[in-house]
Amino acid sequence: MTTVHGKRYREAITTFDHAEEHTPAEAIGIVRSIPGAKFDETVEA
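Per the numbering used here: the sequence shown = residues 6 to 50.
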């Protein structure tokens, strides 16, 4: 069974090269450049 991903996911995975290994600083920059969710992602304890 194949998984169908949404257009936001498909756009996010095209923003970086999957074959290249990134330094931790580059990886954090990539993650921060990808838009977040459409809801409030905070967690309250």
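We put the beta carbon where it would ideally sit given N, CA and C, even for glycine.
Considering just the uninterrupted stretch of the alpha helix (DSSP H) at residue 39, what are its terminal residues?
It is not in any alpha helix (DSSP H) - residue 39 carries neither H nor E in the DSSP assignment.
Among 12, 19, 8, 9, which has the Cα closest to the Cα of residue 38?
The shortest Cα separation from residue 38 among 12, 19, 8, 9 belongs to 19.
Are the beta-carbon atoms belonging to residue 75 and residue 35 less than 8 Å from one another?
Outside the modelled stretch of the chain, which goes from 6 to 50, sits residue 75, for which no answer is possible.
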